[in-house]
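Residue numbers (my numbering): -6 to 607.
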RNA sequence: GGGGCGGUAGCUCAAUUGGUUAGAGUACCGGACUGUCGAUCCGGUGGUUGCGGGUUCGAGUCCCGUCCGCCUCGCCA
C-alpha cells in the first residue's frame, strides 16, 4: 500500500515539485474523457488529483481512474504542482494539485446511500443515523468530534493543574431507586438480583472524598431511563467533580475558573465574574430556576394592586389562600410582565395565542393590555384597570407603546406559566441574542439558595430538590437539626448549599456542599420518609463511610453534551454524540435494543413476559 | 402515559385537493468530452406511496388501527 506522506488538508504551493502520497475517500470525480479529476478527502481536508495522459499516465491507470466513484478509498502517489486550471479559493489546498503517477484502489464502495460531500440536500436525521459512519465523514460532523475532543483535553488539563485525580467509578452499580428510572442489569451469580447503571457517580465520588482522594474528576457516562428531549439523551456525559475541605465558595471559585478557561480556549471569550442570584429571585423575577438573563422582561407580582380592581378573575384568584406564606404554591397571585414596544411588535394573532400557550402549563389565560401613544390603556380589561392606572404605571414603569400581560392563578401555576410565556414573548419580539458562535453574549449566572425540600405534587411527600446528600447551607444547619419534621413552614424554608450554573437560560452545571455528618444525613432520610431500616438497606455503605472520618466536601457536575452544543450552536443533542439514540432509545445503526436467545436469559434467571419481541 | 407534526424512486421533494400509465432533481448504469472544481451534454435503470384494514366505480390523497421518526407536556432526586 502507498502509505501517505501528507494528509489531504496539508499541501500548499510551498510543496510544489515534491513527490507525495495521499490516502483518502473520493469526494467527487470529474471525468473529461481524456482527462480526469478526483477530489480526495480525509478528516483534514480535500486535495485535487489530476490524471493527465500528457504527464505519463498509462492507459490502464486512466481507465482505472475513470472508474472511480464517490466514497471509493484510494491511495495515490504523484507530484505536487500549481493548478493549471487556476486556483480554487474554496479549498485550503486550492492552489495546488497532484499529478498522479500511481493509483491503488484500497476499497471499492457499493453505491453509497447518501454522500457526505456537503452538496445537495442532506437526508433526514433518521436515515443518516442508520449510516452513522457515512454521516460522520461529513466535515461538519468531524468538526463536532474535534470540538468535543478539545473540550475533553482542556477539562483534563485544568483539573490536573488544580490537583484533581481522574478516577473511574463502576458502571455496574447498586440500584438506589430514588429519582430517575434506572436501567437495570440482571446478575448471573445471584439469581433475582440486579445491578443498576448509575444516574451519576454521586455516592462513589463522596466515598472517594472519605477515601482521602481530596479532589476527584471524571468524564463519565450517566444513564437515566426517562423520555428524552431535543437536549436530553437517556445516556449522556458529565464532567463530574468533587473537592474535600471546602465550602460552597471554594467550589464556585474553582468552577468559575474552569468556565473561564474553557470558554477562553474554545471560543476566545473571556467570561466575566459570574453574578449570583437566589432561587427566590429567579422564581419571582423570571418564573424559572434557570433564568435567561440575556434580555429583560422581568415579571412583577401585582397582587396588591389587582386586589383594588373589580376584575372578577383577579379577585377570585386572590381570594385563594391569602393567609398562606408568601411563596406557598397554592396562594393566589396576579403576575404582570411589561413588554416594551409590544404594542407595535406583538400582533393580535400572537397575543391571542398566549392563552392556549399558558393553558399548557395549567393557567386559565393571559389578559393583554396595551399602552397607547396617549398613555392610556387599550383593549381587553383596559376599562377595569382605570382605577389602578396610577399604581400600575408606577409599579411597572409603563411607557407608551408597552404591552402588559397578566396572569392570575396560584403562585406555582402563575409563576411557571409567566416564566414560560416570558421566553415565548422574547422569541416573538426577536430580542433573544444568538449565542457565542455569532458573537452574541454568553450570559452566565449562579443560582443559589435552593430550598432543601419540596412537596411531591402527587404523593404530598417531601422530596429533596437537588438530591438527598445535599447539605443545608452552613447558617441553616442548626435550624435544620432542631426542626420538627412535621413543621411545614420551617422545613419549606430550609435553604440548601446547592448551586447551579445557568448559561443563557440553560442549566449547564449543578452541585452542592454534601452532608458529611451522619446525624444530618439520617435526619434527611427521615424527613424523606425513610425509616432507619430502609435508609440502612439502601445507603448503609454511605452512612458507614460518613461515620469513619468524612471530610467536609462539595462538588458539582457539568453536562458535557450541553457544553458542546453551546460551542457548536446546535440545539440538538444528537448532533454532538458520535452514536446517539432515538427518542425511544433505539440505536438505528446497530439496531439496539434487540431480543436475546432464551439461553442467555436463562443464564441470568430472567423470563420475558413481553409478547414475542422483534 | 398524553398532545402535535411527518413517512411517496437509494436520497431530497412534487403529484392541480378522490380521477387516465405517480413526476422532477440528484445518485447509479451506458455513451460523448484534455482544465474541471456542485463539470457539461445525450440516453437509460429505478416505486408493495411505512404496514394492515375500511369507504368508494376509482385512494398517494378520505376514515380506523398499527409501526417508525421528530417536537412537546408529564417525567428527568
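In this text, a Cβ means the ideal position worked out from N, Cα and C, and glycines have one as well.
Proximity winner among the options, relative to residue i (alpha-carbon distances)
i, options, result
"residue 26", "57, 286, 574 and 482", "57"
"residue 329", "408, 587 and 530", "408"
"residue 159", "223, 232 and 250", "232"
"residue 152", "247, 90, 127 and 177", "247"
"residue 424", "-3, 200, 574 and 289", "289"
"residue 66", "95, 73, 50 and 101", "101"
"residue 164", "170, 582 and 193", "193"
"residue 517", "493, 470 and 552", "470"
"residue 185", "582, 595 and 602", "595"
"residue 514", "492, 584, 545 and 86", "545"
"residue 170", "146, 216 and 593", "216"
"residue 214", "551, 250 and 568", "551"
"residue 20", "10, 61, -1 and 14", "61"
"residue 509", "284, 400, 462 and 481", "462"
"residue 522", "479, 593, 98 and 7", "479"
Residue i: first and last residue of the uninterrupted beta strand (DSSP E) it sits in
i, result
"residue -1", "Segment: none, residue -1 is in no beta strand (DSSP E) and carries neither H nor E."
"residue 325", "325 to 332"
"residue 546", "546 to 552"
"residue 15", "12 to 24"
"residue 500", "499 to 506"
"residue 491", "491 to 496"
"residue 38", "38 to 44"
"residue 270", "268 to 271"
"residue 33", "29 to 35"
"residue 292", "292 to 294"
Close Cβ partners of residue i (< 8 Å) along its chain, the five nearest in sequence each way excluded
i, result
"residue 417", "347 and 350"
"residue 607", "Interpretation of residue 607 is limited by its pLDDT of 37, a score under 50 that renders its predicted location unreliable; no figure is taken from the coordinates."
"residue 612", "Since the displayed the chain opens at -6 and closes at 607, residue 612 lies outside it and no answer follows."
"residue 144", "255, 259, 553, 556, 557 and 560"
"residue 46", "27, 28, 52 and 55"
"residue 444", "272, 458, 485, 486, 487, 488 and 489"
"residue 173", "192, 217, 218 and 219"
"residue 266", "249"
Continuous alpha helix (DSSP H) stretch holding residue i: start and end
i, result
"residue 455", "Counting along the chain, residue 455 falls outside any alpha helix (DSSP H), though it belongs to the beta strand (DSSP E) covering 455 to 457."
"residue 415", "404 to 422"
"residue 312", "Run containing residue 312: none; DSSP gives neither H nor E here."
"residue 481", "481 to 486"
"residue 595", "591 to 596"
"residue 300", "Premise fails: residue 300 is in no alpha helix (DSSP H) and is neither H nor E."
"residue 442", "Looking at the DSSP string, residue 442 is not in any alpha helix (DSSP H), and its letter there is neither H nor E."
"residue 475", "470 to 475"
Rounded distance between the beta-carbons of residue j and residue i, thought under 8 Å
i, j, result
"residue 77", "residue -5", "Contact doesn't hold; Cβ gap of about 24 Å is too wide."
"residue 549", "residue 503", "7 Å"
"residue 327", "residue 414", "So it is not a contact: roughly 14 Å between Cβ atoms."
"residue 202", "residue 237", "5 Å"
"residue 166", "residue 177", "With a Cβ gap of about 10 Å, residue 166 and residue 177 do not count as contacting."
"residue 547", "residue 241", "7 Å"
Close-in-space but distant-in-sequence residues of the same chain around residue i (CB under 6 Å, 5 per side omitted)
i, result
"residue 156", "208"
"residue 528", "518"
"residue 24", "59"
"residue 181", "596 and 597"
Contact set for residue i: own chain, Cβ-Cβ below 7 Å, skip 5 residues either direction
i, result
"residue 223", "564, 565 and 566"
"residue 389", "293, 329, 331 and 397"
"residue 269", "439 and 441"
"residue 447", "456 and 458"
"residue 85", "2 and 38"
"residue 314", "321, 323, 324 and 325"
"residue 598", "179, 184 and 185"
"residue 580", "572 and 574"
"residue 128", "109, 121 and 134"
"residue 116", "107"
"residue 142", "none"
"residue 395", "331, 332, 333, 335, 336 and 364"
"residue 375", "362"
Any non-hydrogen atom of the ligand NAP closer than 6 Å to residue i Cβ
i, result
"residue 164", "Because no ligand of any kind appears in the structure shown, any question about the ligand NAP cannot be addressed here."
Kindly provide the ranges of any beta strand (DSSP E) runs that are 3 or more residues long and lie completely inside the region 73 to 139, ordered along the chain. Entirely contained in the region 73 to 139, the beta strand (DSSP E) runs reaching 3 residues are, in chain order, 89 to 100.
Can you list the alpha helix (DSSP H) stretches of 4 or more residues lying completely in the region 171 to 250, in chain order? Listed in chain order, the complete alpha helix (DSSP H) runs (minimum 4 residues) inside the region 171 to 250 are 195 to 203.
What ranges does the alpha helix (DSSP H) occupy inside the region 517 to 583, keeping only unbroken runs of at least 4 residues that lie completely in it? Every alpha helix (DSSP H) stretch that sits fully inside the region 517 to 583 and reaches 4 residues is listed by chain position as 525 to 539 and 553 to 561.
Can you list the beta strand (DSSP E) stretches of 3 or more residues lying completely in the region 333 to 395, in chain order? 360 to 364, all fully within the region 333 to 395.
Quick check for students: name the residue ranges of the beta strand (DSSP E) that lie wholly in the region 46 to 70, counting only runs of 3 or more. List check, beta strand (DSSP E) in window: nothing returned.
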